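Reviewing the structure listed below.
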Amino acid sequence: GRRIADFSSRGLSYDGGVKPELAAPGVTIPTAEPGTNEDGTPRFGTVNGTSVAAAGVGGAAALLAQARPALDATDLLGLLTGTARPLAGEAVQAQGAGIVDLRAAVAAELSAEPATLALPPFASKARVVRTITVHNVSTRTLRLRVSGDLSGEILSVALSPHRLVVRPGATALVHVGVRAGHRLPRAVSGAITIAPATGVAIRIPWIAAPKPRGSLLGHVRLSRSSFKPAKTFAVLTLPAGRLRLGAHPYVQPVSRLDIAVWTKKGKRLGILARLRDLLPGQYWFGITGRAPTGEILAPGMYRLVIRAYPTASGPPSRKVLDLKIER
């Protein structure tokens, strides 16, 4: 049967969202090639990759927009995602909602926003509530049933209401309450199904990931803790983010990294460097002995305060290094 290619990128996204949202064929896809064969016939070949799959999804979106010209971009995404066909045995973070089904999307009468539901990382017992807006994009009143694969020992999901009546062009809200009994040992996923009495049902895939433990900053060090600014400089080595391989791999990027300089007495002089959206890795910075304003720091003791902010909610990881500016 069909499956996601080994080389296809997996999610989640930087902010913990469901990415990819859709899948499409992208292996050995026939295509025209420049030139002709020796007998004068057109040349053909095959191509692979996400760029091919993305082109297929883009074409499907264009045809759907042509077939349903009254719908906006949010509804078009909701139709494509809601009617996609999930691949058995593939995780949500690999396929999103599943393979695009243009025929079902054209016939669908419902769209949902958000089209996929990403829950915040769970570090311990917690409960969160999210809301899905259901839009009736048809010309008839729809009686809807809301259901899903919801309960288990690790995570329980409660839906309200279970039944809806939505007039043409109107919207309704579905509330999703998620409760974790303890820290999640792995990513947990499922789907919410909203089905009319007759017609095409839509699915909203959801995923909840465990909150990684530990600091976003590794062993931070300076090549020298004391130097004369006019003659030399120090190199700050900074491992940021976390990467774990194994049975339940994860990538924990850094949404923002700040390197600030403070006086020894606790006065903040400003930001020396600020970077955003960092993948896990080792980074190097030259510490020149100049203030954020450009002037050479006066001789004395200072502190470099490094903060790495997670992509989800939560406090930043923090490290402090002492620095001496010589005369």
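According to this note's numbering, the residues represented by the sequence shown are 151 to 477, in order. Just so you know, even glycine gets a beta-carbon here, dropped at the ideal spot from N, CA and C. Owing to the predicted nature of the structure, the values given are computational and were not obtained by experimental measurement.
Have a look at alanine 345 and serine 201 and give me their C-alpha separation to the nearest angstrom. Start at 1 with the first residue of the sequence shown, and residue 345 comes out as number 195. Start at 1 with the first residue of the sequence shown, and residue 201 comes out as number 51. Between alanine 345 and serine 201, the C-alpha separation is close to 33 Å.
Chain-order list of residues whose beta-carbon lies under 8 Å from that of glycine 190 (same chain, five-residue window excluded): Sequence index remark: in the sequence shown, residue 190 carries index 40 (1-based). No residues qualify anywhere along the chain.
Assumed close pair glycine 331, alanine 308 - CB separation to whole angstroms, cut-off 8 Å: Locating residue 331 in the sequence shown gives position 181, counting from the first residue. Locating residue 308 in the sequence shown gives position 158, counting from the first residue. The beta-carbon distance between glycine 331 and alanine 308, rounded to whole angstroms, is 14 Å. This is too long to meet the 8 Å contact definition.
Start and end of the alpha helix (DSSP H) containing serine 288? What you label residue 288 is simply residue 138 of the sequence shown in a count that begins at 1. Taken as a continuous stretch (DSSP letters only), serine 288 belongs to no alpha helix (DSSP H), as it is neither H nor E.
In the DSSP assignment, find the alpha helix (DSSP H) that holds valine 242 and state where it starts and stops. Locating residue 242 in the sequence shown gives position 92, where the first residue counts as 1. Per DSSP, valine 242 belongs to the alpha helix (DSSP H) from 242-245.
Alanine 255 classed as buried or exposed, judged by whether at least 16 other C-beta atoms fall within 10 angstroms: Position 105 of the sequence shown, counted from the first residue, corresponds to residue 255. By the neighbour-count definition (other C-beta atoms within 10 Å, threshold 16), alanine 255 is a buried residue.
Terminal residues of the alpha helix (DSSP H) in which leucine 162 lies: In the sequence shown, counting from the first residue as 1, residue 162 sits at position 12. That residue, leucine 162, is in no alpha helix (DSSP H); it is neither H nor E in DSSP.
Counting only runs of 3+ residues fully inside the region 186-237, write out the beta strand (DSSP E) ranges in chain order. Given a length threshold of 3 residues, each whole run of the beta strand (DSSP E) inside the region 186-237 is given here in chain order: 192-197.
Between the C-alpha atoms of threonine 224 and leucine 422, what's the straight-line distance to the nearest angstrom? In the sequence shown, residue 224 corresponds to position 74, counting from 1. In the sequence shown, residue 422 corresponds to position 272, counting from 1. Using only the alpha carbons, I get a separation of about 40 Å.
Please classify arginine 146 as buried or exposed, where buried requires at least 16 neighbouring CB atoms within 10 angstroms. Coverage of the chain is limited to positions 151 through 477, which leaves residue 146 absent and any answer about it impossible.
In this structure, what does DSSP give as the bridge partners for glutamate 445? Taking the first residue of the sequence shown as 1, we reach residue 445 at position 295. DSSP, once it has assigned bridges, lists no residue as partnering glutamate 445.
How is the beta strand (DSSP E) around alanine 384 delimited, first residue to last? Numbered from 1 along the sequence shown, position 234 holds the residue referred to as residue 384. Run containing alanine 384: 384-390, per the beta strand (DSSP E) assignment.
Quick one: measure Cβ to Cβ for alanine 458 and leucine 372, integer angstroms, because I've assumed they're closer than 8 Å. Translated into positions along the sequence shown, residue 458 becomes position 308. Translated into positions along the sequence shown, residue 372 becomes position 222. In fact, because the Cβ distance is near 17 Å, the residues do not count as touching under 8 Å.
If you drop the 5 nearest sequence neighbours on each side, which residues of the same chain put their C-beta closer than 6 Å to that of leucine 425? Position 275 of the sequence shown, counted from the start, is the residue given in the question as residue 425. If we look at leucine 425 and ignore the five residues flanking it on each side, its Cβ neighbours are Leu407.
Here's the rule I'm using: 16 or more other beta-carbon atoms within 10 Å means buried, otherwise exposed. How should alanine 203 be labelled? On the sequence shown, position 53 is the one that residue 203 refers to. With 16 or more other Cβ atoms within 10 Å, it is buried.
Per the DSSP calculation, proline 180 is bridged to which residue(s)? Reading the sequence shown from its first residue, position 30 is the one you call residue 180. DSSP lists Thr196 as partners of proline 180.
When you compare only the Cα positions, how much space is there between isoleucine 437 and glutamate 171? Counted from its first residue, the sequence shown places residue 437 at position 287. Counted from its first residue, the sequence shown places residue 171 at position 21. For isoleucine 437 and glutamate 171, the distance between alpha carbons rounds to 42 Å.
How big is the Cα-Cα spacing for arginine 160 and serine 463? As a first step, residue 160 is located in the sequence shown; it is residue number 10 there, counting from the start. As a first step, residue 463 is located in the sequence shown; it is residue number 313 there, counting from the start. Roughly 22 Å separates the two Cα atoms.
Residue from Leu214, Trp412, Tyr452, Ala258 whose Cα sits closest to the Cα of histidine 285: Taking the sequence shown and counting its residues from 1, one reaches residue 285 at position 135. Checked all of Leu214, Trp412, Tyr452, Ala258; the closest Cα to histidine 285 is Ala258.
Rounded to a whole number of angstroms, what is the C-alpha to C-alpha distance between arginine 453 and arginine 477? For the purposes of this step, residue 453 is taken as residue 303 along the sequence shown, with counting starting at 1. For the purposes of this step, residue 477 is taken as residue 327 along the sequence shown, with counting starting at 1. Between arginine 453 and arginine 477, the C-alpha separation is close to 17 Å.
From the DSSP output, in three-state form, read off alanine 410 for me. Sequence index remark: in the sequence shown, residue 410 carries index 260 (1-based). Judged by DSSP in its simplified three-state form, alanine 410 adopts strand.
Determine the contact status of lysine 417 and methionine 451, defining contact as a CB-CB distance below 7 Å. Counting from one through the sequence shown, the residue named residue 417 turns up at place 267. Counting from one through the sequence shown, the residue named residue 451 turns up at place 301. Their beta carbons are not under 7 Å apart, which means lysine 417 does not touch methionine 451 by this criterion.
State the DSSP-derived secondary structure class of alanine 255, mapped to helix, strand or coil. Translated into positions along the sequence shown, residue 255 becomes position 105. Alanine 255: helix per DSSP, three-state reduction.
Glutamine 402 burial status per 10 Å Cβ neighbour count (16 or more: buried): For the purposes of this step, residue 402 is taken as the residue at position 252 of the sequence shown. Buried is the call here.
Starting from proline 325, follow its DSSP beta bridges and name the residues at the other end. To locate residue 325, count along the sequence shown from 1; it is residue 175. The residue asked about is misnamed: residue 325 is histidine in this sequence, not proline. Histidine 325 is bridged to Thr281, Ser310.
According to the Cβ coordinates, are threonine 104 and serine 297 closer than 7 Å? The structure shown has nothing for residue 104, since the chain only spans 151 to 477.
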